[in-house]
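Structure first, commentary second.
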């Protein structure tokens, strides 16, 4: 077995809306955290492995490239951006302004688009993100459009599709766990991380350093998390942290 | 002026951000007159080798880069940009590169035993330099080098493959210094000073 310990990453996820960073809980109730420039500056100083910025404004708003360019100009770490990415020209613009990767969620099952994205920009530029909710029986289902649209069952057919598309990374996010501090989903990691041919990122519910370490030990290649890097204490006071 | 060669592939924005922070004048361009007046060239790149080489040829950049290389103009290749400086690649079939680095070929990382690709993450380097380096890597192919004298840095892990090559005016790095925090700044400062672009 290949030892990949040194490449394992911990990725703060920040939600962008109306030029502010917010934190949601189970994709609901966005709470204002602060000014993106300041927050990114803190994460940059803490030398984080990578940053994931997700725009949660909704599908009707166009990407504000000038603003994005401004906020990532002081990010000397890899930056991934997601939020309504569904065209090759959007990806091209993102790469121009200092973003290295795009995160594709709702358009992930648009096969033609994904193929041309990978062909044009290389697989390492494209992260596929799958948001999951479990049904009453504990079966995982994929949701898109900010968790509002149920799409299909998350199973080995989905894995086969993702592997065939040759994405650079796959991020599995558990909606029901988001910002709950209930722990990353061990079962999903154990069942799925080894099935994917590309690095596997798990997200949703991270508690602390040891929970993250356990997820990495179980087979995740990276952990993405929001709440545990922006909240502190039982009342969720806003405090940016990033412990190695 | 440092020219970042624009062949439509790569995260030029990130490189411009870092050079600007270091007070180095730079510009993204593929115009012959810009390249000819350049103090140094940076070949960025993210994407596939075949696609990259195709675009470079379409723009006629292969001839210009080769000519400027003969004049000993400092050239820095990053990631795919570094791989394009090698003799050839086996990505999506055999493709010839610019061939500035003789004895170096771009080959699949799977050859070294990686089970999940691309390799993405921070990797410590082993070098003869006094500084310690840790860089962000994201790649599926690597620069296999048969000439030890070119190698400045290898990965400090069980694979020990070369990621930092140099021959006179040509520097090729597999990692992304522009996205590697203070290690990236150190790297660029070193490259700029050694090539007398900055004091």
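Residue numbers (the numbering used here), protein chains in the order written: chain A, 1 to 244; chain B, 1 to 199.
By construction, the Cβ of each residue, glycine as well, lies at the ideal position given by its N, Cα and C atoms.
Since this is a predicted model, take the numbers as computed values, not measurements.
The C-beta of residue 7 of chain B comes no closer than 8 Å to any C-beta of chain A.
For residue 66 of chain B, same chain residues with a beta-carbon under 7 Å away, outside a window of 5 residues either side, are 98 in chain order. One thing to note: residue 36 of chain A has its Cβ within 8 Å of the Cβ of residue 71 of chain A.
Residue pairing by DSSP places residue 18 of chain B in no beta bridge whatsoever. Residue 53 of chain B and residue 230 of chain A have their C-alpha atoms spaced approximately 43 Å apart.
Annotated as distal: residue 94 of chain A and residue 129 of chain A, with beta-carbon spacing of 8 Å or more. Using a Cβ-Cβ cut-off of 8 Å, residue 182 of chain A does not count as an interface residue toward chain B, since no Cβ of chain B sits closer than that to its own. The bridge partners DSSP lists for residue 138 of chain B are B/120.
Counting only unbroken stretches of 3 or more residues, the beta strand (DSSP E) elements lying wholly within the segment 13-77 of chain B are 26-29, 40-43, in sequence order. By the Cβ test, the segment 139-148 of chain B is not in contact with the segment 182-199 of chain A, since fewer than three Cβ pairs between them sit closer than 8 Å. Shortest Cα-Cα distance from residue 45 of chain A to any of A/218, A/19, A/56, A/74 involves A/74.
Taking a contact as a CB-CB distance under 8 Å, the pair residue 127 of chain A and residue 103 of chain A counts as one, their CB atoms being some 4 Å apart. Residues of the segment 108-122 of chain B with a Cβ closer than 8 Å to any Cβ of chain A, in chain order: 113, 114, 115, 116, 117, 118, 119, 120, 121, 122. For residue 80 of chain B and residue 87 of chain A, the gap between their C-alpha atoms comes out near 23 Å. Within 8 Å of the CB of residue 73 of chain A, the CB atoms of chain B belong to 17, in sequence order along the chain.
Nearest to residue 32 of chain A by C-alpha distance, out of A/40, A/121, A/23, is A/23.
For the pair residue 116 of chain B and residue 152 of chain A, the CB atoms are not nearer than the 8 Å cut-off. Residue pairing by DSSP places residue 103 of chain A opposite A/82, A/127 in a beta bridge. Put simply, the backbone Cα of residue 2 of chain B is about 16 Å away from that of residue 61 of chain B.
When Cβ pairs closer than 8 Å are counted between the two stretches, the segment 22-32 of chain B is seen not to touch the segment 206-223 of chain A, the count staying below three. In the DSSP annotation of this structure, residue 158 of chain A is not part of any beta strand (DSSP E); the continuous alpha helix (DSSP H) holding it starts and ends at 156-165. By the CB criterion at 8 Å, residue 104 of chain B and residue 165 of chain B fall inside the cutoff. The beta carbon of residue 10 of chain B sits closer than 6 Å to the beta carbons of 44, 45, 46 from its chain, once the five residues preceding and following it are set aside; these are given in chain order. Given a length threshold of 3 residues, each whole run of the beta strand (DSSP E) inside the segment 163-188 of chain B is given here in chain order: 170-173.
Using a Cβ-Cβ cut-off of 7 Å, residue 97 of chain A is close to 13 of chain B, given in chain order. Between residue 175 of chain A and residue 154 of chain A, the C-beta spacing is not below 8 Å.
Apart from the 5 residues on each side of it in sequence, residue 100 of chain A sits with its Cβ closer than 8 Å to the Cβ of 78, 79, 80, 125 in its chain, given in chain order.
Closest in C-alpha terms to residue 109 of chain A, from the list A/43, A/76, A/67, A/163, comes A/163. Cα atoms of residue 123 of chain A and residue 90 of chain B: separation of roughly 16 Å, rounded to the nearest angstrom. Counting C-beta atoms within 10 angstroms of its own C-beta, residue 37 of chain B has fewer than 16 neighbours from the protein chains shown and is therefore classed as exposed. Around residue 61 of chain A, no beta-carbon contact reaches into chain B at under 8 Å, the shortest distance being about 22 Å.
Interface residue (Cβ-Cβ distance to chain A less than 8 Å): residue 173 of chain B is not classified as such. By DSSP's assignment, residue 173 of chain A forms a beta bridge with A/131, A/203. At a Cβ-Cβ threshold of 8 Å, residue 97 of chain A and residue 184 of chain B do not count as neighbours.
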